[in-house]
Amino acid sequence: MGYRQGAWQEVQQSKTALQNGDRVIALVNNLGATPLSELYGVYNRLAQRCEASGIIIERNLIGSYCTSLDMAGFSITLLKVDDETLTLWDAPVHTPALNWGN
Numbered sequence: 001m002g003y004r005q006g007a008w009q010e011v012q013q014s015k016t017a018l019q020n021g022d023r024v025i026a027l028v029n030n031l032g033a034t035p036l037s038e039l040y041g042v043y044n045r046l047a048q049r050c051e052a053s054g055i056i057i058e059r060n061l062i063g064s065y066c067t068s069l070d071m072a073g074f075s076i077t078l079l080k081v082d083d084e085t086l087t088l089w090d091a092p093v094h095t096p097a098l099n100w101g102n
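The numbers in the UniProt record's numbering rise by one with no breaks, and the one at position 91 of the sequence shown is 91.
#1: Once you ignore the five residues that flank Y40 on each side, which residues in its own chain have a CB closer than 7 Å to its CB?
#2: Let me check understanding here. Comparing Cα to Cα, which of A91, L78, D90 and N102 lies closest to Y43?
#3: Among residues of its own chain, excluding the 5 on either side of N20, which ones have a beta-carbon nearer than 6 Å to its beta-carbon?
#4: Which of the three DSSP states, helix, strand or coil, is assigned to T34?
#5: Do I57 and V24 come within 8 Å of each other at the CB atom, strictly closer than that value?
#6: Could you check if A26 is buried or exposed, using at least 16 other CB atoms within 10 Å of its CB as the buried criterion?
#7: How would you write the range of the beta strand (DSSP E) that T95 sits in, first residue to last?
#8: Considering N60, what are the terminal residues of the beta strand (DSSP E) in which it resides?
#9: Rounded to whole angstroms, what is the Cα-Cα separation between residue 118 and R59?
#10: Do the stretch 28-37 and the stretch 63-71 meet, that is, are 3 or more Cβ pairs less than 8 Å apart?
#11: Just list the residues that DSSP pairs R23 with in beta bridges.
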């Protein structure tokens, strides 16, 4: 088992309450210098891991949301959601960082 696979299993087993059937919003955040194409590769692998674990990604954000100048790397955030949270998430928002809806 490689480091990455071991790290994923460690997070799944000991650091989160996510279980088969849980629904999440996934955020893959660029720390500053990672190309967007690589972020999509990270998200693709995250989606594969979630699917294999029975975790349903309801929404996703992939991009530069909280950066550190030209720092290489990324962060992954998974937010466990229910119907009410998704309704709130889908509401229109117009800020400098996020902008969607009417």
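C-beta: ideal position from N, C-alpha, C; glycine also.
By the coordinates alone:
#1: I62
#2: L78
#3: G54
#4: coil
#5: yes
#6: buried
#7: Run containing T95: none; DSSP gives neither H nor E here.
#8: I56 to G63
#9: As displayed, the chain neither begins before 1 nor continues past 102, which places residue 118 out of reach and without an answer.
#10: yes
#11: I56
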